[in-house]
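Sequential numbering of the sequence shown, starting at 0, is according to numbering that gives the first Met the number 0.
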Amino acid sequence: MIRESWDETAARRARIRGCFLGGAIGDALGNPIEFLSLDRIRETYGPEGITALVPDSDGVIGRITDDTQMTMFTAEGMIRACARSTAKGIGGAEIAIVRHSYLRWLDTQNHPAPPPPRQDQDLVRSGWLREQQWLYVRRAPGGACLSGLAQEHIPSSSDPLDGTPGPVNTNSKGCGTVMRSAPFGLIGTGARESFEFAARCAQITHGHPTGYYAAGALAAIIALILDGDSLEGAVLRTLELLGRYPGHEETSAALRKAVDLAAQGEPTPEKTESLGGGWVAEEALAIAVYCALAHTAPRRSLYSKGGGTGYDPKWRRTPFQKAMLLSVNHSGDSDSTGSICGNLLGAHYGDLRLPPMWLTQIEGRGTIAELADDFSSVFHQSIEMYEFDGMVFPRSRYPLY
0 MIRESWDETA
10 ARRARIRGCF
20 LGGAIGDALG
30 NPIEFLSLDR
40 IRETYGPEGI
50 TALVPDSDGV
60 IGRITDDTQM
70 TMFTAEGMIR
80 ACARSTAKGI
90 GGAEIAIVRH
100 SYLRWLDTQN
110 HPAPPPPRQD
120 QDLVRSGWLR
130 EQQWLYVRRA
140 PGGACLSGLA
150 QEHIPSSSDP
160 LDGTPGPVNT
170 NSKGCGTVMR
180 SAPFGLIGTG
190 ARESFEFAAR
200 CAQITHGHPT
210 GYYAAGALAA
220 IIALILDGDS
230 LEGAVLRTLE
240 LLGRYPGHEE
250 TSAALRKAVD
260 LAAQGEPTPE
270 KTESLGGGWV
280 AEEALAIAVY
290 CALAHTAPRR
300 SLYSKGGGTG
310 YDPKWRRTPF
320 QKAMLLSVNH
330 SGDSDSTGSI
340 CGNLLGAHYG
350 DLRLPPMWLT
360 QIEGRGTIAE
370 LADDFSSVFH
380 QSIEMYEFDG
390 MVFPRSRYPL
400 Y
């Protein structure tokens with residue numbers, strides 16, 4: 000837990016909220032067009048593709064998918080791991096506690112409503128997040144995420160990250176690793192720790208080195224943004240960090256291609272598609288980074304006049320909106336690439352710069368914002384979670400391990 004000034008706390012709180020809610024916006028934008036080709040998207044929605052949130056196959060606007068669901072349970076697990084460390088002074092079980100949180104997510108995929116605890120003091124089936132009925136729905140969850148959680152593997156924090164394939168889904172590098180990993184970058188302990196925490200938790204379900212390194216890279220980029228780096232600077236410093244780990248080459252090459260492409264003139268969906276479909280981890284990360292960089296760096300600034308948050312006089316869209324639309328209008332895993340891009344840009348801009356006309360339509364936005372604020376309070380506001388006086392976070396919300 001990091002102690003900081005109130006100004007720093009407020010800024011971080013806005014970035015953390017932005018990261019969570021921005022990811023949900025991207026998820027909801029991409030959800031209705033996830034399995035459509037670019038040609039089909041243009042045929043259906045016009046030459047620009049989608050230009051706003053559109054209804055899904057059930058006619059509903061703003062639905063999130065497994066990407067946002069798993070991101071939320073990642074954050075909940077991290078809060079409960081921090082609670083154990085703060086209240087008991089005991090660390091070392093963080094990965095196991097995050098895995099337990101993923102098992103709570105797995106219940107949302109396998110049951111129509113919160114299942115009862117298996118026995119007294121069942122710490123897996125506990126806490127407030129699992130009680131949110133709206134989360135109990137399948138929205139095309141990743142197969143490796145589902146099968147990986149059934150294998151009961153808990154990676155060790157003492158094992159080196161040396162490019163060795165993990166024992167679970169050894170050949171899988173699906174984007175299910177990276178799309179859930181933004182919260183690891185928000186803890187405030189530096190890029191390297193965020194990278195390694197995310198990479199090891201990715202190994203719970205995916206064993207391919209590129210799968211877990213891409214998850215770590217997203218967390219590192221967000222950690223650097225949270226500390227004040229520009230988006231481009233954060234990506235470049237993450238590339239330096241990646242180079243220290245054996246087997247990083249595939250992830251690094253994808254990120255470098257994204258950086259180079261963002262510098263090559265006007266962004267287009269065709270350029271986005273040159274990075275792949277986003278179904279695998281390094282492609283999803285590269286697409287998100289390209290789209291974010293193409294509309295934010297390096298000339299744009301969060302606070303400069305006419306900079307990164309003003310309206311384009313021609314199209315009347317903010318850079319956030321243009322980047323998000325670019326991140327989903329392609330033939331690929333549109334909800335995942337949109338979600339990751341939203342995580343990056345939300346952390347960059349903060350929640351107050353998210354477009355209200357999109358944000359107000361997002362499913363579960365109140366719960367998402369509440370979780371983000373709890374996360375901020377735990378990691379950045381010096382609140383003792385289990386004091387008897389006040390009980391800021393009662394154990395009914397985040398039961399203590």
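In this text, a Cβ means the ideal position worked out from N, Cα and C, and glycines have one as well. Just so it is clear, the structure is predicted and the values come from calculations on it, not from any experiment.
Length of the line joining the Cα atoms of residue i and residue j
i	j	result
H207	N170	5 Å
G189	A222	6 Å
Y44	L358	21 Å
C18	R117	34 Å
I15	H99	23 Å
F34	D55	12 Å
A280	S273	15 Å
S36	C290	18 Å
G275	C340	15 Å
I85	R396	Note that residue 85 is Thr in the sequence shown here, rather than Ile. Looking at the two C-alpha atoms, the distance is approximately 16 Å.
M77	C144	18 Å
A261	V377	36 Å
Y310	R316	At Y310, the pLDDT of 43 sits below 50, so the modelled position is not reliable; the number obtained from the coordinates is stated separately. Distance between the alpha carbons of Y310 and R316: 5 Å.
D350	P318	14 Å
P398	T73	15 Å
I224	D119	42 Å
E93	S157	12 Å
G48	G88	52 Å
G126	E75	9 Å
S333	Y348	22 Å
A346	L185	9 Å
I40	I32	7 Å
Per-residue DSSP class, three states only, for residue i
i	result
V288	helix
G365	helix
G173	strand
V327	helix
V279	strand
F34	coil
W104	helix
V97	helix
G307	No answer about G307 holds up, because its pLDDT of 43 lies below 50 and its placement is not dependable.
I49	coil
Q320	helix
W127	coil
P159	coil
E151	coil
H347	helix
G165	coil
S273	coil
H379	helix
Residue i classed as buried or exposed, judged by whether at least 16 other C-beta atoms fall within 10 angstroms
i	result
D121	exposed
T204	buried
M356	exposed
Q150	exposed
R179	buried
G307	At G307, the pLDDT of 43 sits below 50, so the modelled position is not reliable and the matter cannot be decided from this model.
G91	exposed
M390	Any reading at M390 must be qualified, since the residue scores a pLDDT of 42, below 50, and its modelled position is unreliable; the value itself is stated next. Flag for M390 reads exposed.
Residue j beta carbon less than 8 Å from that of residue i
i	j	result
A287	T336	yes
P268	N328	yes
N342	A181	yes
L482	A27	This structure gives no information on residue 482, because the portion of the chain shown stretches from 0 to 400.
S338	D66	yes
T366	Q131	yes
S193	A218	yes
R62	E362	yes
A371	L344	no
W278	G173	yes
L240	R199	no
T295	L230	yes
When the options are compared against residue i, the one with the closest alpha-carbon
i	options	result
L148	L185, F194, I96, E195	I96
P46	K172, L324, S375	L324
A10	D332, D226, R199	D226
A293	A257, W278, A283	A257
R243	G215, A371, A201, S229	G215
R352	A13, D6, E249	A13
E249	A283, D332, R179	A283
F374	P159, D38, I60, R79	R79
Q360	G264, L20, V167, P113	L20
G210	F183, G162, T107, G187	G162
S251	I220, S229, G264	I220
V234	C81, D259, P245	D259
G331	Q320, A285, V136	A285
S326	P115, D6, E231, K270	K270
R129	M71, I60, P154	M71
Residue i: CB within 7 Å of a non-hydrogen atom of the ligand COA
i	result
Y211	Ligands displayed in this structure: none; no statement on the ligand COA is therefore possible.
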